[in-house]
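Heads up: the protein sequence lines correspond to chains A and B, in order. So for the first sequence, our numbering puts the first residue at -16; every next one is plus one. So for the second sequence, our numbering puts the first residue at 2; every next one is plus one.
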Amino acid sequence: MLALKAENISKQYRLGQVGTGTLSHDLNRFWHKIRGNEDPYLKIGETNDRTTKGTSDYVWSLRDINFEVKQGDAVGIVGRNGAGKSTLLKLLSKVTKPTTGTIRTNGRIASLLEVGTGFHPEMTGRENVFLNGAILGMTRKEITRKFDEIVDFSGVERYIDTPVKRYSSGMYVRLAFAVAAHLESEILIVDEVLAVGDADFQKKCLGKMGDVTKGEGRTILFVSHNMTAIKELCNTGILLNQGQLAYSGNILDTIVEYQKSSEAQSKYLHEGPVETALGNENIKVLEFSAEPAQGELIDIESGILVKLRFLSLKAGINLDVTFELRTYEEVPVFHTGALVTTSNDSEVKEYSIEFILPKNLLNAGNYYFKLIFGEDQRIPLFIAPSTIGFEVENIKLGKNIALLPGIIRPQFEFKIL
Amino acid sequence: MNEPQQKWTETIDDTHSLFDLKLKEVWKYKDLVYMFVKRDFVSSFKQTILGPIWFFINPIFTTITYLIIFGKFAKLPTDGAPGILFYLAGVTLWNYFSGALLGTTNTFTGNASIFGKVYFPRLVTPVSIVISNLMRLIVQFLLFIAVWLYYLINKEIHPNWWMLATPFLIIIMALFALGVGMIFSSLTTKYKDLTMLLAFGVSLLMYATPVIYPISMLPGYFRSLAKYNPLTGIFECFKYGWLGVGDFSPSMLIISTIITIVLLFIGIITFNKVERTFMDTV
């Protein structure tokens, strides 16, 4: 029995300023329509790649997506930023309609694209529970019946008759999630709500979502960048890439595909004449890559094998290479150099360097390398500001599948006395 | 295959019916309408000392101002009705209309953050705005009745049976506000220019409506033109029924009703058309 089926759904958006030219486009569209022609603007449009400047004003945020969801499935939707995940959720939750295609559903859909939608700051916690519940589609009777349960789950009982504008942001989120968690719908759509709240609360949310899928057998569609949470909660997955369905199937395979899809980013391999390789008159970088030291997925316990191959064009010097690892938030993690030659005897030839970033060193997150080639550890020969990047996937700690804070996540020999 | 027959309860696609208001769905969400009305009510008086008394202060002061400006300085006629009652009747009705119109016009732009995150029948919002304004009208109407009784006992006014038409007048006015409000709210999602127009348009419309003056003082040409303002018939009928003054004929009411229905129709169509995609343009 299927709970949801999407056929050929696409969504087109217009780029740039809406306003100038809107009226003329509308009139043109209308003119085509009354003559029975197809919408002229549907034919144009490009795939959604935000890094390149396109020529068209229209882009396809989603294009020809087909998938099915069985009743009771927990589906993880993964993809890079801008892959179309949120657009897909918006279509499923009826916030906006697809440009083409059909979605059929069986059962009530509740979507949780944000917690606390419609909360009014002047109203008390109690009033907001009823208001928010009603917005999410619950009847007053249902809310009254579940009210105690909701308040209990939120843990803000003491403040329930205080206006929510006096709440701390944590209390606000707790109350809001509690309402949503008690929705009675056959299909639940959840978008990264776990990005809010402290670790304790995130654990509680994930626990509740686990109950929803495993215990109550409801269908759930879940978007997150937290692969551990996805791995834990979902049994099937959908991978979106630039608005297109790149993979769908078993959740583990989906996550592996997800990492592979960013391989271009984690691997630099130069092909063609050496003159065009990355570098300058001193250095030509030929290959630079990061891959899991064991297994097929870079995660906290896999370790990372880093390979560098380059051509040195300067002979008779003390050559060194420094690897600087930074997080995507530009925090330097380390800046460590390898001394390639130490007695002024470098040659004009290819050098290869390999090393392993040990497991249990980096925490989950996105990182990138900066390369600095130098002479005598003082004079830079060539600097490559950002060459390759990679993502370390999270793994759970005990029963906690939430992303833990920190740049490193070492393991110590804890002595439990 | 021993799979049970696949059934679907809902289909989402790009087609839609222009006239389908999904009233059944709105009815399912009646608790939400109730909560929205309650929210409007509760939130407007939180942390005020006088609370709901503000409902009365507004029409009282407006009436006094009109009495001084239009009655004493400009010396506009009131068709022989007591000035206070004449202006209070106009103010009470006009407050309702402008409140409902401006509220519904804001439907899409003012609620974009909610609409962008969760689905419920969008019509719930304008309907709840019209209803919460109706609540305010009822409260303010009590004030009007009190003043009216005073003049009635003093035998200064001579009401007639047309005052029983009041519920009908209010419904027509509500539908007119809803229709025009829906048209504007739909168009403002794309063309923000209309917000500018409406900001002063509503206050100008008041002068084109017999709120502070009776229709009888208009010269012939203007008077036949004023008939096509759906509000003219409503205001004149109300004053005629309750105060027994004014130049009212049932044909005015028929014109009001027809224009209202046409506008409501256009409103429904534009609203339905915009409802499902406005998140992309707002």
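In this text, a Cβ means the ideal position worked out from N, Cα and C, and glycines have one as well.
The way I'd put it, the stretch 232 to 243 of chain B does touch the stretch 159 to 171 of chain B; three or more beta-carbon pairs between them come closer than 8 Å.
In terms of beta-carbon proximity, residue 105 of chain A lines the interface with chain B, with at least one pair separated by less than 9 Å. Beta-bridge partners assigned by DSSP to residue 266 of chain A: A:295. At the C-beta level, residue 295 of chain A and residue 329 of chain A come within 9 Å of one another. The DSSP-derived three-state label of residue 8 of chain A is helix. With a minimum length of 4 residues, the unbroken runs of alpha helix (DSSP H) contained wholly in the stretch 183 to 254 of chain A fall at 210 to 216, 234 to 243 and 246 to 249.
Contact with chain B is found for residue 76 of chain A, since one of that chain's Cβ atoms lies less than 9 Å from the residue's Cβ. Looking from the CA of residue 324 of chain A, the closest CA among A:318, A:336 and A:315 belongs to A:336. Secondary structure note for residue 82 of chain B: it is in no beta strand (DSSP E), with a DSSP letter that is neither H nor E.
Assignment of alpha helix (DSSP H) within the stretch 165 to 247 of chain B, counting only whole runs of 4 or more residues, yields 167 to 189, 194 to 208, 221 to 227 and 231 to 244 in chain order. Close CB contacts of residue 175 of chain A within its chain, under the 8 Å cut and outside five residues either way in sequence, are with 206, 207 and 208 (chain order). The C-beta of residue 197 of chain B has fewer than 16 other C-beta atoms within 10 Å across all chains shown, which makes the residue exposed. Sorting B:11, B:36, B:232 and B:246 by C-alpha distance to the C-alpha of residue 132 of chain B places B:36 at the top.
B:186 is the residue among B:186, B:80 and B:211 whose C-alpha sits nearest the C-alpha of residue 101 of chain B. Of the other Cβ atoms in all chains shown, fewer than 16 fall within 10 Å of the Cβ of residue 209 of chain B; this residue is therefore exposed. The contact set of residue 117 of chain B on chain A, defined by CB atoms closer than 7 Å, consists of 78 in chain order. For the set A:273, A:227, A:204 and A:240, the Cα lying nearest the Cα of residue 65 of chain A is the one of A:227.
At a cut-off of 9 Å between beta-carbon atoms, residue 40 of chain B makes contact with chain A. In terms of CA proximity to residue 199 of chain B, B:184 leads the group B:184, B:213 and B:212. In the DSSP secondary-structure assignment, residue 88 of chain A is bridged to A:-13 and B:11.
Taking 9 Å as the threshold, the shortest C-beta distance from residue 191 of chain B to chain A falls below it. Contact between residue 365 of chain A and residue 356 of chain A holds: CB atoms are separated by about 4 Å, below the 8 Å threshold.
Taking C-beta separations shorter than 6 Å and ignoring five residues to either side along the sequence, the partners of residue 291 of chain A in its chain run 271 and 336, following chain order. Near chain A, meaning a CB-to-CB distance below 9 Å, the residues of the stretch 46 to 61 of chain B are 47 and 48. A direct Cα-Cα distance of roughly 12 Å separates residue 212 of chain A from residue 60 of chain A.
Interface flag for residue 97 of chain A against chain B is set, since a Cβ pair is found closer than 9 Å. Contact between residue 78 of chain A and residue 142 of chain B fails: their C-beta atoms lie close to 39 Å from each other, not under 8 Å. The beta carbon of residue 271 of chain B lies closer than 8 Å to those of 183, 184, 187 and 188 in the same chain, with the five residues before and after it left out.
In the structure shown, residue 56 of chain A adopts coil according to DSSP, grouped into three states. Collapsing the DSSP output to three states places residue 94 of chain A in a strand. Taking a beta-carbon distance threshold of 9 Å, residue 122 of chain A counts as an interface residue toward chain B. A check of alpha carbon separations from residue 130 of chain B across B:157, B:165, B:180 and B:161 identifies B:180 as the nearest.
In the three-state DSSP reduction, residue 361 of chain A falls in the coil class, being neither helix nor strand. Rounded to whole angstroms, the separation of the alpha carbons of residue 218 of chain A and residue 57 of chain A is 6 Å. By the beta-carbon neighbour count (other beta carbons within 10 angstroms, threshold 16), residue 223 of chain B is exposed. At a cut-off of 9 Å, the C-beta of residue 33 of chain B has a neighbouring C-beta in chain A.
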